[in-house]
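Colleague: Residue numbers (the working numbering): 176 to 339. Backbone N, C-alpha and C fix where the C-beta goes; we use that ideal spot for every residue, glycine too. Sharing a structure, written as structure tokens. Questions coming.
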């Protein structure tokens, strides 16, 4: 017997989870196609994610030069009862370096989350904002509780695999 999933409850949990995250793990490829893992603080605005990274950071060029990157948000280990069923969200994204001009709404959100003093300092150095546009993804709550995600529409669909 398959348990019934209350998608409204899952959606509420998903919204809470995404709103509670302040950083993302980033998977990109170097010039040779070798995978590279990094992370960055982010903000969400109008269905997109924004990261602010330094031009001297190793992942800057990798993100800028890849048409598609993948990102992941993870629940904290200390808050996870079973590490094999850790809550997480994977998203496939396009990434575009959009610079720093005419982005006050993004900077306001960054300031609210990460602090005015830090963001003011970062704006004086070689930082640039990248706009990440999620295409599709997967949200995992636990065993047998995985959902496809359309980030822009915030639609979730339970993934069911019949293992006869």
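1. Alpha carbon to alpha carbon, how far is residue 336 from residue 225? Give it in angstroms, no decimals.
2. So, at 6 Å on beta carbons, what are the nonlocal neighbours of residue 176 in its own chain, with the 5 sequence-adjacent residues on each side left out?
3. Select from 333, 257, 304 the residue whose C-alpha is nearest the C-alpha of residue 280.
4. Would you mind reading off the limits of the beta strand (DSSP E) that contains residue 245?
5. Within the same chain, show all residues whose beta-carbon is closer than 6 Å to that of residue 245, passing over the 5 residues directly before and after it, in chain order.
6. Tell me the DSSP secondary structure of residue 321 in three-state form.
7. In angstroms, rounded to a whole number, what distance separates the CA positions of residue 261 and residue 307?
8. Helix, strand or coil: how does DSSP classify residue 176 here?
9. Is the beta carbon of residue 200 less than 8 Å from the beta carbon of residue 285?
10. Hey, out of 324, 264, 179, whose CA is closest to residue 198's CA?
11. So for residue 330, helix, strand or coil by DSSP?
12. Please work out which residues of its chain come closer than 6 Å, Cβ to Cβ, to residue 228, disregarding the five sequence neighbours upstream and downstream, and give them in chain order.
13. So, at 8 Å on beta carbons, what are the nonlocal neighbours of residue 255 in its own chain, with the 5 sequence-adjacent residues on each side left out?
14. Would you call the CB atoms of residue 323 and residue 332 closer than 8 Å?
15. Buried or exposed for residue 210, please, with buried defined as at least 16 other CB atoms from any protein chain shown within 10 angstroms of its CB.
Modeller: Considering the structure as presented:
1. The count along the chain shown starts at 1 and reaches residue 225 at position 50. The count along the chain shown starts at 1 and reaches residue 336 at position 161. Approximately 34 Å between the Cα atoms of the pair.
2. Within the chain shown, numbered from 1, the residue matching residue 176 stands at position 1. The predicted position of residue 176 is uncertain, since its pLDDT is 43 and thus under 50; no value can be drawn from it.
3. In the chain shown, the residue the question calls residue 280 occupies position 105. Per the Cα distances, 304.
4. Walking along the chain shown from the start, residue 245 turns up at place 70. Segment 243 to 249, the beta strand (DSSP E) holding residue 245.
5. As a working note, residue 245 is residue 70 in the chain shown. 202, 267, listed in sequence order.
6. Sequence index remark: in the chain shown, residue 321 carries index 146 (1-based). The answer is strand: DSSP assigns residue 321 an E or B state.
7. Residue numbering aside, residue 261 sits at position 86 when the chain shown is read from its first letter. Residue numbering aside, residue 307 sits at position 132 when the chain shown is read from its first letter. Straight-line Cα distance between these residues: approximately 24 Å.
8. For this step, residue 176 is matched to residue 1 along the chain shown. Annotation note: pLDDT 43 at residue 176 (below 50); position unreliable, no value reported.
9. Taking the chain shown and counting its residues from 1, one reaches residue 200 at position 25. Taking the chain shown and counting its residues from 1, one reaches residue 285 at position 110. Not in contact: residue 200 and residue 285 (Cβ atoms no closer than 8 Å).
10. Start at 1 with the first residue of the chain shown, and residue 198 comes out as number 23. Out of 324, 264, 179, 264 has the C-alpha closest to the C-alpha of residue 198.
11. Indexing the chain shown from 1 puts residue 330 at position 155. The DSSP-derived three-state label of residue 330 is strand.
12. On the chain shown, residue 228 is found 53 positions in, with the first residue counted as 1. 215, 235.
13. Here residue 255 is taken as the residue at index 80 of the chain shown, counted from 1. So the qualifying residues of the chain are 261, 262.
14. Here residue 323 refers to the residue found at position 148 when the chain shown is read from its first residue. Here residue 332 refers to the residue found at position 157 when the chain shown is read from its first residue. Cβ atoms of residue 323 and residue 332: closer than 8 Å.
15. Position 35 of the chain shown holds residue 210. Label assigned to residue 210: exposed.
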